[in-house]
Each structure stands twice: as C-alpha cells, then as structure tokens.
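Going by our numbering, the residue at position 309 of the sequence shown is 309; the numbering climbs one at a time, nothing skipped. Shown next, in structure tokens, is the structure this report addresses.
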Amino acid sequence: MKLTTEIIDVDTGGVLKILLNPVDITHLAMFAGERVLIKYNNQETVAIAESTSLVNQGKVGILNEVQRELDVKEGQDVEVLSDVKTTSVLAIRKKMDGLPLTGEEIQAIVEDLVSGRLSDIDVAAFLVSEQILGMSLEETVHLTRAIAEEGEQMDFGGNVFDKHSIGGVPGNKVSLLIVPIVAAAGLLIPKTSSRAITSPSGTADTMEVLADVEFNVEELQKIVNKAKAAIVWGGSLNLAPADDLFIRVEHPLLIDPRPQMIASIMAKKLSTGIQHLVLDIPTGQGCKVTTMEEARKLSHDFITVGNELGVNVHCAMTYGSQPVGHAIGPALEAKEALETLMGGGPTSLIEKSTGLSGILLEMGGLAARGAGRKLAKEILTSGKALKKMREIIGAQNGNPNIEPEQIPIGEHTFDLLAPSDGYVATLSNRALVRIARAAGTPKLHGAGLYLHAKVGSRVKEGDAVLTVYAETEGKLSDAINVAKNLMPFTVEGMLLHTLTDTEQF
C-alpha cells in the first residue's frame with residue numbers, strides 16, 4: 001500500500017514506530033502493534049505500526065527514529081507492506097516453544113533490539129521464556145557475545161580486575177570498599193556497575209551520592225589513567241547497550257532470568273576488557289540463590305561461560321540471609337561505606353569487603369593463596385583505601401573531602417519497634433526491599449532503612465529495630481503501610497497469631 005508521509009516530531013525512545021489510520025490498518029489486514037516493511041528510495045526498514053485517528057486515511061505518521069533511518073521528508077510517497085516476520089521474532093516464538101536457539105538467531109534478537117525493531121512486548125516474551133524455560137550454556141555464551149559485540153569495546157591495557165555481585169541482598173555496598181582497597185594495592189579496577197533492578201540501591205546509585213557516575217568512554221579512560229580505578233554506571237558508556245534495553249523491560253516485570261543475568265554480567269566484563277573477575281553470589285533465605293547446591297551450580301555456569309570467553313572467574317558464595325551492614329538505600333549506604341573506610345563500620349561489611357578484595361589480590365599475584373584477606377585488611381586499616389577512595393571521588397567530579405555527616409538523608413522518619421523483650425530471630429530481605437522501595441529508593445537517594453538490630457541482637461520491648469527514612473511524608477506513609485503489612489522482622493517469643501475454635505482454617 002502506498003501512503004503519503006506526515007512527519008511527526010516525536011521520539012519513541014529508540015523503537016522504530018509509525019502511525020496509521022485505523023482504516024488503513026484494516027486494509028493492510030493487520031492489527032495495531034504488528035510490524036510493517038517501509039520502502040522509500042531503494043531503502044527499507046521494519047517498524048511497528050500503531051493505530052490512531054490523529055493520522056488521516058492515506059497518510060503514514062513518521063516518527064523521528066524512522067525519519068532518521070530512511071531520511072524521508074514530509075509529503076513523500078512510501079510503500080508500506082504488512083505480514084513481516086523477522087528472524088528475531090520467529091526466534092522469540094521458537095524460544096517460547098522451548099526450543100534451543102542458534103547463535104545466528106540470538107544475534108538477530110540482540111541486533112533488532114538495539115536497532116529498535118523489537119517492541120517491549122517482544123522483549124518481555126523473550127525474557128519470560130528465559131525465566132520459565134531457561135537456556136543452555138551454549139545459548140548463554142552466544143547471548144553474551146551478541147550483547148558485548150553490539151557496543152563499545154574498551155582496552156585499558158595489561159591485567160584488568162573486577163568484582164561483581166549477582167545482587168539480591170539489600171545493603172550490599174561492598175564495592176565502595178573493594179575498589180579502593182584493590183586499587184590502593186596497585187591493581188587496575190575500572191568498575192562499571194548497574195543501577196538497581198529489584199534492589200533498593202545498585203552500586204551506581206550509591207556511588208552517585210558521592211560523585212558523578214555517568215561518563216563516556218573517553219572520560220572513563222581519563223579517570224582510570226588518573227586513579228587506576230573507577231566506579232561508574234555502565235549504561236552511559238554505550239558498553240553492551242542491549243543489556244540496558246533488556247533491563248528496562250526486566251525492571252517493571254521484577255524478573256532477572258538466570259541466563260540473562262549471566263550474559264548481562266559477562267558481556268559488560270568483555271566490553272571493559274576484564275581478564276580477572278571475582279563474582280559474589282549471596283546465598284541464603286530471601287536471596288536470588290537460596291541453597292549452597294544452587295550456588296555451586298550457578299558458580300559452575302559462570303566459570304564455564306568465563307572460560308569460553310577468556311575471562312578468569314572466581315566465585316565466592318557469601319552469607320546473604322540478612323543485609324550486609326546496617327544501612328539500606330543510596331545515601332545511607334554511601335554514608336556507611338565512607339564511615340567504614342574511615343576506620344568505623346560494621347563487622348559484616350568489613351569482613352565481606354576484605355574477603356572479596358583478598359581474592360582479587362591473590363588473583364593478581366600480590367598475596368599467596370589464603371593470605372589475601374590479611375593484606376586487604378591492612379590496606380583498609382592503614383587509611384590507604386580511604387585515600388584512594390577520595391582520589392576516585394575527586395576524579396569523578398565529587399567532593400574528595402566529603403564527610404559522612406555531610407551526606408543528606410531523608411528528613412521524614414518512622415521507627416518500627418520491638419513488640420517484646422527477646423532476640424531478633426529473623427529478618428526478611430524481601431520485606432526490607434519492598435519497604436525501602438516504597439520509601440522511594442533508589443530514585444530518591446535520601447530514602448532507605450537503617451537496621452538498629454540484626455539477627456541475634458537482644459532487644460527490649462519498645463526498642464527501635466528499624467528506622468524508615470523518606471524524603472516526603474507521602475513516601476513515608478507508603479513505606480509504613482508496607483512495613484506494617486509485611487512484618488520485616490520477628491523477635492523470639494513474639495505471638496504471631498491466635499486461633500479460636502470458631503475461626504475458619
């Protein structure tokens with residue numbers, strides 16, 4: 001069908017879309033949201049057609065992304081053809097049927113995602129298929145390569161080290177200690193981090209409280225040349241852009257499919273030229289990985305994929321049944337990390353940070369096997385890590401002299417009190433995450449939670465076990481409602497419920 005172009009100056013966030021009148025949609029024997037092939041001056045592209053009466057019959061509304069793709073002008077005739085079945089869409093359907101995908105099919109999915117030829121519905125179908133049906137390690141390797149190859153590639157020269165966590169534990173701010181410890185020892189560690197997907201704060205969200213985290217490749221290179229380290233958001237670097245497009249759909253679905261998680265992490269490491277990676281796998285109740293058996297299997301998968309891609313991966317299975325440290329949320333976590341670098345901080349944060357740092361120091365040949373933790377603690381307690389962190393903050397346009405008390409946190413607070421004397425018996429990671437996000441994390445940096453007592457702590461009736469912080473009264477009210485419904489902790493001896501002989505089971 002030949003239609004006349006009507007240029008509409010609207011961006012669609014990278015997705016190729018056109019607008020058609022409902023009558024023309026019917027004449028093309030298609031439904032809104034389906035793909036069409038648009039031909040113009042020996043050029044063609046595939047776009048998603050949406051239906052609207054704002055475009056007259058016989059016209060085609062050309063949005064900015066399609067206009068740039070075809071370089072078409074107002075009032076030009078274009079040919080629009082329906083019933084377009086791309087390799088990527090057919091491959092997604094194949095995965096939905098539980099069949100394995102070839103490297104070429106996976107490459108087509110990633111290429112079409114980056115070029116804007118896949119809708120969020122397509123991406124969601126692919127991700128949910130991964131979540132439910134899984135992927136083989138061979139498919140995961142293909143997916144990793146495809147994601148890595150679609151973006152910029154960095155080369156820092158020499159041996160490059162990194163630490164990454166699969167997440168799932170609130171308050172996991174250890175990277176803000178590990179990076180300066182490892183860099184202070186002389187190893188190169190340009191950490192590119194993600195923002196939170198399902199947690200209250202990603203490493204990039206927490207670091208953003210102290211310094212800028214959005215840089216291009218050239219700027220990151222300068223930072224690393226100066227400080228031998230960085231803690232930045234990977235999404236601003238155009239490294240593995242497909243990954244951020246996948247995450248955009250994962251976020252509202254609150255899913256993180258295992259093959260996608262492996263591909264996401266390893267693709268970004270490939271893109272930044274990482275040769276040595278320590279991977280933190282928090283394990284326990286309320287984590288993404290709940291059992292040691294599952295953690296070992298995941299470790300095997302990461303190591304296998306790493307071997308295929310030339311990355312030396314060491315996996316550390318860590319205790320994850322309760323938060324690391326006491327602070328949850330960007331500003332509170334940044335404050336706690338800085339306090340720890342300055343000689344204070346909770347034992348759990350110190351032990352986990354120095355343990356993981358120690359593995360990297362051993363991988364770098366700076367400590368014998370089993371001696372890395374001791375060296376990492378020496379670097380932390382000597383003040384060398386603090387000095388390096390202040391150097392990194394300054395290199396990333398932050399205030400290198402910032403003190404913990406200068407970090408602003410939410411002014412609106414509420415305490416959840418112990419209902420009786422006893423010991424804290426349980427803390428629910430999932431409940432804590434939901435409360436923190438209801439308070440506004442990670443978007444509102446000052447929002448979050450502070451745990452005054454953790455599992456095993458003795459409390460008296462009326463003691464504050466948990467303080468909720470919010471930047472507005474409305475968000476505080478939301479968090480309080482969630483907290484009261486979910487009961488994020490139990491105190492040994494608490495009466496949880498009563499049952500009478502008239503109550504229905």
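In this text, a Cβ means the ideal position worked out from N, Cα and C, and glycines have one as well.
Taking a contact to require three or more Cβ pairs closer than 8 Å, the segment 429-449 and the segment 477-493 qualify as touching. For T340, the secondary structure class from DSSP, reduced to helix, strand or coil, is helix.
Ranking K460, V455, T12 and T413 by CA distance to the CA of G446 puts T413 first. In the three-state reduction of the DSSP assignment, D256 falls in the coil class, being assigned neither a helical nor a strand state. Going by C-alpha positions, G329 is about 26 Å away from A376. Here DSSP, grouped into helix, strand and coil, assigns E403 to coil. 7 Å or more divides the Cβ of V160 from the Cβ of V305. By the CB criterion at 7 Å, E139 and L113 fall outside the cutoff. Taken in chain order, the complete alpha helix (DSSP H) segments of 4 or more residues contained in the segment 225-304 are 241-253 and 258-271. Fewer than three beta-carbon pairs drawn from the segment 211-230 and the segment 259-267 are found closer than 8 Å, and the two stretches are therefore not classed as touching.
Under the DSSP definition of a beta bridge, R373 lacks any partner.
Among the bridge pairs identified by DSSP, H314 is matched with V278. Secondary structure at E44: strand, using DSSP grouped into helix, strand and coil. Taking C-beta separations shorter than 6 Å and ignoring five residues to either side along the sequence, the partners of P404 in its chain run K335, L338 and E339, following chain order. Taking 8 Å as the upper bound for CB-CB distance, K388 and P180 are in contact here, some 4 Å apart. For V141, the uninterrupted alpha helix (DSSP H) segment begins and ends at L137 to E149. When beta bridges are read from the DSSP output, H164 appears opposite L279. Around the beta carbon of I265, 16 or more other beta carbons sit within 10 angstroms, so the residue counts as buried. Only residues of its own chain outside the window of five on either side were considered, and among them A240, A267, L270 and S271 have a CB closer than 6 Å to the CB of A148, listed in chain order. Sixteen is the threshold: since fewer than 16 other Cβ atoms of the shown chains lie within 10 Å of the Cβ of G14, the residue is exposed. The straight-line gap separating the alpha-carbon atoms of G168 and C315 is approximately 16 Å.
Going by beta carbons, D162 and L277 fall inside the 7 Å limit. Restricting attention to V455, A439, L19 and G493, the CA atom closest to the CA of S428 is found in V455. For the options F126, R248 and V110, the alpha carbon positioned closest to that of R93 is the one of F126. Secondary structure at V459: strand, using DSSP grouped into helix, strand and coil. Closest in C-alpha terms to P400, from the list V209, V174 and I48, comes V209. Under the DSSP assignment, L356 falls in the alpha helix (DSSP H) whose first and last residues are T347 to M363. Remark: three or more beta-carbon pairs, one from each stretch, lie closer than 8 Å, so the segment 244-254 and the segment 184-198 are flagged as touching.
Within its own chain, the residues whose Cβ lies closer than 7 Å to the Cβ of E333, once the five positions on either side in sequence are excluded, are G171, K173, S201, T206 and A327, listed in chain order. It is roughly 29 Å from the alpha-carbon of K460 to the alpha-carbon of T441. Annotated three-state conformation of P190 is strand, per DSSP. Taking G75 as the centre and dropping the five residues before and after it, the same chain places the C-beta of T4 and T5 closer than 7 Å to its C-beta, in chain order. With a 10 Å radius around the Cβ and a threshold of 16 neighbouring Cβ atoms, M135 comes out buried. The closest CA to that of A204, considering only Y319, Q285, A331 and A184, is found on A331. With three or more CB-CB distances shorter than 8 Å, the segment 459-479 counts as touching the segment 417-428. Under the 10 Å beta carbon count, A368 is surrounded by fewer than 16 other beta carbons and is classified as exposed.
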